[in-house]
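Have a look at the structure below before the remarks.
Protein chains: 4
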Amino acid sequence: MKKLNVGVLAATGMVGQKYIHLLRDHPWFEVTLVTASPRSAGQTYGQAVQGRWHMPADIPKNVRDLMVYTMEDLDKVKACDFVFSALSGALAKQYEESYANAGIRIVSNASYHRHTEDVPMMIPEINHEHASLIDVQQKNRGWEGFIAVKPNCSLQSYMTPLYALHEAFGVKEVIITTLQAVSGAGYPGCSAFDLIDNTLPHIGGEEEKTEKEPLKIFGILKDGKVEPAQIKISAHCNRVPVIDGHSACVSVRFEKRPTREQILEAWQDFRSYPQEHSLPFAPKQPIIYRDESDRPQPRLDRDADKGMAVTVGRLRECNVFDWRFTALSHNTVRGAAGGAILEAEVLYKKGYFK
Amino acid sequence: MKKLNVGVLAATGMVGQKYIHLLRDHPWFEVTLVTASPRSAGQTYGQAVQGRWHMPADIPKNVRDLMVYTMEDLDKVKACDFVFSALSGALAKQYEESYANAGIRIVSNASYHRHTEDVPMMIPEINHEHASLIDVQQKNRGWEGFIAVKPNCSLQSYMTPLYALHEAFGVKEVIITTLQAVSGAGYPGCSAFDLIDNTLPHIGGEEEKTEKEPLKIFGILKDGKVEPAQIKISAHCNRVPVIDGHSACVSVRFEKRPTREQILEAWQDFRSYPQEHSLPFAPKQPIIYRDESDRPQPRLDRDADKGMAVTVGRLRECNVFDWRFTALSHNTVRGAAGGAILEAEVLYKKGYFK
Amino acid sequence: MKKLNVGVLAATGMVGQKYIHLLRDHPWFEVTLVTASPRSAGQTYGQAVQGRWHMPADIPKNVRDLMVYTMEDLDKVKACDFVFSALSGALAKQYEESYANAGIRIVSNASYHRHTEDVPMMIPEINHEHASLIDVQQKNRGWEGFIAVKPNCSLQSYMTPLYALHEAFGVKEVIITTLQAVSGAGYPGCSAFDLIDNTLPHIGGEEEKTEKEPLKIFGILKDGKVEPAQIKISAHCNRVPVIDGHSACVSVRFEKRPTREQILEAWQDFRSYPQEHSLPFAPKQPIIYRDESDRPQPRLDRDADKGMAVTVGRLRECNVFDWRFTALSHNTVRGAAGGAILEAEVLYKKGYFK
Amino acid sequence: MKKLNVGVLAATGMVGQKYIHLLRDHPWFEVTLVTASPRSAGQTYGQAVQGRWHMPADIPKNVRDLMVYTMEDLDKVKACDFVFSALSGALAKQYEESYANAGIRIVSNASYHRHTEDVPMMIPEINHEHASLIDVQQKNRGWEGFIAVKPNCSLQSYMTPLYALHEAFGVKEVIITTLQAVSGAGYPGCSAFDLIDNTLPHIGGEEEKTEKEPLKIFGILKDGKVEPAQIKISAHCNRVPVIDGHSACVSVRFEKRPTREQILEAWQDFRSYPQEHSLPFAPKQPIIYRDESDRPQPRLDRDADKGMAVTVGRLRECNVFDWRFTALSHNTVRGAAGGAILEAEVLYKKGYFK
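Protein chains in written order, with the working numbering: chain A, 5 to 358; chain B, 5 to 358; chain C, 5 to 358; chain D, 5 to 358.
Below you can see the structure in the form of structure tokens.
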């Protein structure tokens with residue numbers, strides 16, 4: 005099979021590097037274009053990231069020697085079958101719409117279009133059906149390209165476990181406290197001075213995203229629109245001295261209180277489109293429940309199924325709501341580049357890259 | 005003024021050391037007796053803790069040269085005006101009652117008697133009036149001595165801020181997630197292997213204490229008994245790589261929803277017995293509210309007013325309950341030895357050491 | 005090919021677990037026996053390590069269900085083609101000689117026999133020829149089995165780079181400072197209280213090993229004896245808050261001062277028995293030199309070539325000696341279980357397991 | 005006594021804040037002027053550092069309300085009796101000479117003038133006599149003001165212990181490896197991503213300073229010039245995840261090998277100008293030797309004598325040189341602002357601020 009040509013926009017930053025690292029042996033996608041700021045343009049990718057390549061393995065050889073282009077080299081970008089965008093919010097705002105208008109298909113990490121009505125924001129196991137918003141988007145706007153986005157990393161540790169229960173028992177109220185890893189802040193990101201013998205009780209913008217994005221993701225698609233879910237979510241987001249892996253302590257009230265066995269069974273049996281179609285980045289067991297009283301732990305569980313599974317533990321009754329548990333996922337794999345790659349695999353399978 | 009002679013039981017462990025460190029220049033109390041296991045007996049205190057003194061300043065000179073006695077040296081203990089007990093649960097069970105029976109007054113860190121009906125468990129700013137349970141206890145049991153205890157460290161970051169609101173607005177439901185420091189586990193306590201690039205989602209027994217102890221502390225004293233408060237509390241307790249300072253992310257539902265101004269005023273104005281009587285260990289401002297979006301932080305705020313004040317921040321509306329905030333206190337000062345010293349000061353002032 | 009049956013002695017500890025983790029898909033060796041203390045005997049391995057399995061992937065299925073035996077179950081041990089010993093020093097002293105006498109072939113991590121005259125202590129790339137001490141040992145003692153050992157983990161980051169230069173230029177004097185990871189202390193090992201916002205300037209026994217073991221390893225085999233090398237080594241060993249990966253800052257004086265190019269070439273070209281025979285655990289490039297000014301770093305370089313390569317950087321002239329550099333290796337892979345597996349592969353290839 | 009009016013140049017950065025924090029109750033000096041970049045000018049100091057005040061206690065009240073001026077407000081600066089400069093190298097180059105020419109007396113942290121021939125670089129206990137270079141400087145240049153500087157923080161942990169021995173036994177060769185705290189890099193300084201489960205083997209420019217600055221400091225003043233000491237120093241500088249406190253592992257060769265007793269006595273008895281004149285910031289015992297095998301440790305020893313004493317431990321024979329030891333000092337107190345304050349106290353006492 006001929007692989008699709010894939011571009012990575014903003015390829016020299018932390019998220020861009022993660023795309024390139026994770027796509028190294030992808031069976032369907034091959035990185036053939038990298039863009040970055042004008043400062044890096046004209047260099048090879050290897051030169052552009054010299055001294056600031058933060059991945060645990062060397063730069064893939066095929067990417068190392070690619071020339072770096074800028075966002076203005078539209079012809080180069082148009083030659084890709086699709087692109088992953090790791091653009092910052094400001095640049096996403098500036099470029100993503102005109103790119104889509106120029107025929108480019110974009111799977112984006114940026115938060116700018118997450119609440120745009122006709123842009124799907126997907127966690128593939130939950131709302132792969134929202135992919136059809138792309139048809140609406142293209143029709144609405146007369147675009148040949150499109151924009152699809154992924155949600156914030158802070159959601160990903162608890163959204164799939166919650167969804168597996170929401171389907172059957174109806175989630176009404178959720179109070180969440182997250183313990184988030186430093187890689188979520190990019191590089192250099194957090195100061196070491198702030199995170200030795202310390203934690204931070206606040207991450208700018210994170211609580212708002214954690215509370216609002218789930219409503220669209222859990223929303224029902226109807227007549228080309230997403231009706232947001234009617235769930236109340238309250239989030240406390242903390243930064244902790246962990247490299248990778250966001251944890252969430254979750255208390256939930258249901259419409260219909262499930263039993264312990266029903267919950268464990270719902271998690272155990274949960275499968276969705278990515279598993280049914282054996283997508284390359286799909287975790288086999290999307291929700292792994294661990295019985296040990298001291299799991300999940302970031303360092304031990306973040307890499308479960310190559311960082312794409314969510315690990316849950318400590319299911320116990322809540323004195324105030326119905327049930328509570330702790331959930332964990334790898335924030336830069338499942339929660340960022342890996343999640344977007346899985347989303348692209350869904351879109352590919354559904355024919356959006358033809 | 006002649007200082008009271010004070011004993012420290014289990015003086016060589018982490019909590020015992022903290023007592024000795026904090027009492028170094030106390031205006032009323034002087035450590036004149038230390039006990040430890042038979043292994044340490046017959047040595048000076050300095051010899052007994054050699055190579056395992058964990059305080060940030062050297063051993064106070066007057067204590068360094070004290071001989072270490074065992075729990076069997078009852079005459080030595082009886083010569084003290086009162087004792088601080090840092091005994092483990094098992095030893096507390098074995099000794100504290102017979103000691104009290106032998107006339108010894110005990111202020112204890114152990115959890116063994118926290119729910120014993122006629123034993124006061126005090127956070128002095130909240131329930132100093134429970135001291136009168138000592139009269140009940142002595143009458144019930146025919147003791148000349150007594151046992152008074154302090155609650156678990158995990159409560160102390162949020163109980164005083166909660167109490168300041170409970171008085172006026174009635175707290176109904178609370179969901180709490182704690183981020184707790186390693187010093188709470190004693191020494192050697194947590195393994196470094198577990199807390200580098202990691203957090204732990206569980207601390208044995210801590211959630212139960214965090215949920216149950218507040219009900220007695222907030223309870224109303226009536227006819228010599230404490231009627232427990234009718235509050236529902238749910239706690240998630242995590243261990244994080246911080247030396248000292250427990251944080252709590254708190255969501256609260258009230259009987260009567262206060263305004264933001266009412267809350268801030270209640271905290272600002274809160275004073276109680278320790279402040280009114282200018283007790284040596286009383287923080288001047290027991291609840292410090294900080295406006296900065298990224299406070300409280302363990303390393304920056306744990307030492308507020310010598311580690312005895314509670315620092316609160318991030319007051320904001322809760323999407324599910326009424327209000328939420330983050331609170332922090334020093335777990336081995338306010339939450340352990342310092343809190344017990346303040347409790348002893350209350351008891352002294354109320355005449356229980358005469 | 006039928007795999008060899010391999011036993012792991014003291015299989016439930018940190019080093020034992022690492023053997024089981026690393027041998028999971030070994031092409032030649034299969035773990036078919038595990039021993040532990042009587043406390044664990046009679047359980048399956050999975051039961052015995054429940055709640056204290058510290059590896060980043062689950063217990064290999066074939067080992068999980070093995071019954072745990074004790075060191076007294078000699079028949080079970082004799083049924084193995086050879087065993088890896090992760091015994092503590094005291095147990096190594098008690099059992100290893102009688103085991104070898106009973107025909108058991110032992111590759112040991114214990115320090116007890118490292119300086120026994122007829123026991124080879126091997127870093128396979130350096131002194132694989134010392135394997136022939138086994139013949140001497142068996143002849144001397146009338147044993148059918150044998151004991152072979154591996155050196156301490158603290159050496160492994162710098163010994164191979166030093167050896168590559170020693171051959172050609174003669175190493176005379178070395179001053180080393182190590183920054184060692186906590187996994188080297190086992191589990192629970194170091195207290196988190198000691199390693200948050202802190203480092204430790206001393207690791208018991210480590211400096212002595214770091215100074216003495218190299219002399220035997222670099223020694224020349226002559227008439228069945230090892231003549232120790234005439235090198236002066238001085239070591240400062242520090243513990244730092246790193247999970248895995250020992251670093252060493254090395255200053256060296258040579259017999260014959262090499263040029264920078266000669267050094268880099270010696271490292272680049274260095275190959276030995278493990279590479280020549282393509283042993284499964286042999287790193288392809290045993291010494292990796294990195295040009296970046298800020299490498300090697302523990303988290304980024306410890307896993308080079310599955311944790312079996314040594315990474316070197318910062319080669320620069322020394323103001324006092326001739327040259328200096330920083331070297332790093334994975335202490336529980338290259339420095340412990342992985343190094344011992346490579347040693348066993350050498351012994352297998354040389355026919356010692358027939 | 006009327007206190008001297010003191011300015012702090014670049015007062016909003018990490019070093020500037022440390023000056024303000026440490027000078028809070030100084031008996032001789034009072035901060036009456038703060039300068040910062042034009043961005044901060046016109047605000048109060050409290051406003052200018054809002055959200056980025058990193059000291060462990062609140063801003064001193066008298067400084068909080070000072071207006072911030074820029075380096076162009078020369079009249080304001082001239083009204084000070086002297087100033088502490090926390091300027092970066094580039095700004096030091098731009099301003100310090102013209103300021104001195106304008107009559108301003110400057111005690112500077114910047115490295116720009118450390119090797120300027122007629123500028124004293126002082127560790128007061130070692131070379132307070134170099135203060136007289138100020139006379140040479142003023143004469144040479146026709147200045148009324150002057151520039152005096154302090155050396156790099158990385159030296160301070162081992163220079164005083166070395167000097168106490170150098171006087172009597174002659175230091176010839178030194179090989180040093182430092183483990184340096186993150187506060188040395190300012191704020192935000194090091195990325196947390198680089199210092200969780202990691203150390204860094206390189207700090208830009210630090211090794212060069214560590215090797216070169218001691219030669220001037222140990223130099224002999226002769227005919228108005230400093231003859232640099234003839235010592236060979238080689239340094240490996242590492243960054244470790246510690247907030248404050250630089251450690252150094254030191255191996256030394258002497259002209260005349262001292263005994264262990266001679267070394268301990270030299271350290272025990274060492275006193276100099278700051279102690280003889282009871283300067284406010286002088287540590288009473290400048291060199292503290294600790295017998296415990298695991299000291300000095302950053303978190304336990306950095307605050308010795310308010311962070312101004314150097315703690316030494318682990319004195320033992322070196323296999324290559326004569327002796328080796330580990331030394332530690334507080335890098336932002338003794339090694340930066342505190343050291344400069346002590347230097348200013350020397351200059352005051354010697355009459356340079358009249």
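The C-beta atom is built at its ideal place from N, Cα and C for all residues, glycine as well.
In the same chain as A/Y116, and ignoring 5 residues on each side of it, the C-beta atoms closer than 6 angstroms to its own belong to G93, A96 and K97, in chain order. The C-beta separation of C/I237 from C/P262 comes to about 19 angstroms, leaving the pair out of contact by the 8 angstroms criterion. Per DSSP, the continuous beta strand (DSSP E) segment holding A/K236 begins and ends at K236 to R243. The C-beta separation of B/T181 from A/T181 comes to about 4 angstroms, placing the pair in contact by the 8 angstroms criterion. Counting only runs of 4 or more residues that sit fully inside the region 224 to 296 of chain B, the alpha helix (DSSP H) segments are 264 to 273 and 277 to 280, in chain order.
The Cβ of B/L159 sits no closer than 8 angstroms to any Cβ of chain A.
Selection C/E34, C/H119, C/T39 and C/V81 evaluated against C/K220 yields C/H119 as nearest (Cα-Cα).
Straight through space, the alpha carbons of B/P60 and B/V186 are spaced by roughly 16 angstroms. If you draw a straight line from the Cα of A/A83 to the Cα of A/N66, it comes to about 17 angstroms. Listed along the chain, the chain A residues whose CB falls inside 9 angstroms of the CB of C/P60 are R303, L304 and D307.
Within the region 152 to 188 of chain A, the complete beta strand (DSSP E) segments of 3 residues or longer fall at 175 to 184, listed in chain order. The Cβ atoms of B/R43 and B/Y356 do not sit closer than 8 angstroms to each other.
Pairing D/F33 with D/Y73, the inter-Cα distance amounts to about 19 angstroms. Note that the C-beta distance between B/G249 and B/H134 is not below 8 angstroms.
Approximately 5 angstroms separates the beta-carbon atoms of B/R257 and B/D326; this is inside 8 angstroms, confirming the contact. Within the region 178 to 201 of chain C, I200 and D201 place their CB atoms closer than 7 angstroms to a CB of chain A, listed in sequence order. Under the DSSP assignment, C/A344 falls in the alpha helix (DSSP H) whose first and last residues are G342 to K353. With a 10 Å radius around the Cβ and a threshold of 16 neighbouring Cβ atoms, C/I224 comes out exposed.
Under DSSP, the beta-bridge partners assigned to B/I110 are B/V87 and B/I151. For D/S102, the enclosing alpha helix (DSSP H) covers residues G93 to N105.
Shown here is that no member of the region 214 to 230 of chain B has a Cβ falling below 7 angstroms from a Cβ of chain D. When Cβ-Cβ separations below 8 angstroms define contact, A/G55 makes contact with chain C.
In this chain, D/L27 is not harboured by any alpha helix (DSSP H), its DSSP state being neither H nor E. A direct Cα-Cα distance of roughly 8 angstroms separates A/F88 from A/A344.
C/V314 and D/R328 have their C-alpha atoms some 27 angstroms from each other.
Not a single C-beta of chain A is nearer than 8 angstroms to the C-beta of C/E269.
Taking 8 angstroms as the threshold, the shortest C-beta distance from A/P245 to chain D falls below it.
Chain D places a beta carbon closer than 8 angstroms to that of C/S297, counting this residue as a contact.
Against chain C, the CB of D/V324 has a partner CB under 8 angstroms away; the residue lies at that interface. Bounds of the alpha helix (DSSP H) holding D/R145 are L137 to R145.
Judged by DSSP secondary structure, C/A45 falls outside any alpha helix (DSSP H); it is assigned neither H nor E.
According to the DSSP secondary-structure assignment, C/R68 is paired through a beta bridge with no residue. Partner residues in the beta bridge of C/A331, as assigned by DSSP, are C/A252 and C/V316. Against chain D, a Cβ distance below 9 angstroms from C/P205 picks out L183, S251, C253, S297, D298, R299, P300, Q301, G317, R318, T330 and L332.
Counting only residues of its own chain and dropping the five nearest sequence neighbours on each side, B/E211 has a CB closer than 6 angstroms to the CB of A239 and C241.
Excluding the 5 residues flanking it on each side, D/N144 has same chain C-beta neighbours closer than 6 angstroms at D122, in chain order.
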